[in-house]
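First up is the structure itself, then whatever we jot down about it.
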Amino acid sequence: MTAPQWRRAWVEALDALEADVVAAEELLAEEHRMRDLPLTDPWQPPAGLGPLPLDLRPRADEVLRRQLAVAQQLATTITGTARQAAVLNRLDDGRDAPRPSYVDCAM
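42 is the number of the first residue of the sequence shown in this note's numbering; add one for each residue after it.
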């Protein structure tokens with residue numbers, strides 16, 4: 042693989058990772074869409090990619106930082122949703138409450 046091909050392969054790999062991060066960030070911005078979109082396949086590096094070119098290191102570091110931030114936000118959102126569901130499950134909506142079987146008219 043020539044140097045330009047090697048660099049191009051890395052640019053394409055980072056483009057794919059960055060597109061995944063952008064998609065996750067958009068999901069967080071519009072939570073209602075999370076229910077409607079299918080899960081994506083995990084990223085796999087292309088075969089024969091080789092080491093990262095040094096001039097692309099800052100971009101790769103930024104993509105990684107954003108991936109970690111999105112993962113943290115997703116975990117926080119999932120935890121919050123689970124808590125809300127637990128609270129809602131404990132609320133008494135009155136549908137299953139026993140109803141009185143008679144009315145006291147002696148008063």
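Think of the CB as a built atom: it goes at the ideal place given N, C-alpha and C, for glycine as much as any other residue. Owing to the predicted nature of the structure, the values given are computational and were not obtained by experimental measurement.
Glutamine 85: not part of any alpha helix (DSSP H); DSSP gives it neither H nor E. From the listed residues Arg98, Ala64, Leu115 and Pro94, the smallest Cα separation to tryptophan 47 is found for Pro94. Taking alanine 50 as reference, the option from Leu97, Leu132, Ala64 and Leu115 with the minimal CA-CA separation is Leu97. Residues Leu97, Arg100, Ala101 and Val104 of the same chain have their beta carbon placed closer than 8 Å to that of leucine 55, with the five preceding and five following residues left out of the count. Taken atom to atom, the span from the alpha-carbon of alanine 44 to that of glutamate 53 is near 14 Å.
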